[in-house]
Amino acid sequence: MFGYPKFTSNGDAMNDFWQIIGADVESSTTATITIFDRYANHLGQIESSGMGWDGTFIGKSMPESDYWFRAISQNDKDFKGHFTLKR
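For the sequence shown, the positions run 31 to 117 when this note's numbering is used.
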């Protein structure tokens with residue numbers, strides 16, 4: 031199953047990191063995931079095997095909003111989508 035959980039990043043230790051669930055299952059390899067804001071500004075890059083994105087950019091918390099991602103697996107599968115950061 032490919033998806034992602036609710037993302038709150040409010041310091042309560044629940045859903046504080048955004049990560050794709052099932053990326054390894056979908057691609058059979060590790061995916062590189064790039065995070066963008068609504069203006070297509072690059073905010074970060076994570077690996078599907080890591081903890082995920084913590085909702086910050088250059089050490090500052092990003093506002094509650096929608097964010098976009100692009101995941102490219104080592105076997106060149108390309109996944110795009112968006113998610114909401116709630117505070």
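We put the beta carbon where it would ideally sit given N, CA and C, even for glycine. Since we're looking at a predicted model, the values are computed, not measured.
1) Just to confirm my understanding: we take SER91, look at its own chain, exclude 5 residues before and 5 after, and list those with CB closer than 7 Å. What are they?
2) Within 10 angstroms of its Cβ, does SER78 collect 16 or more other Cβ (buried), or is it exposed?
3) For ALA61, tell me which candidate among ASN45, GLN49, GLY41 and ILE88 has the shortest Cα-Cα distance.
4) Alpha carbon to alpha carbon, how far is ASP42 from ARG117?
5) Using DSSP with H/G/I as helix, E/B as strand and the rest coil, what is THR64?
6) Have a look at the DSSP bridge pairing and note the partners of LYS90.
With the given structure in hand:
1) Answer for SER91: GLY85, listed in chain order.
2) By the C-beta density criterion, SER78 is buried, having at least 16 other C-beta atoms within 10 angstroms.
3) That would be GLN49, whose Cα lies nearest to the Cα of ALA61.
4) C-alpha separation (whole angstroms): 10 Å.
5) Assignment of THR64 by DSSP, reduced to helix, strand and coil, places it in the strand class.
6) Bridge partners of LYS90: PHE87.
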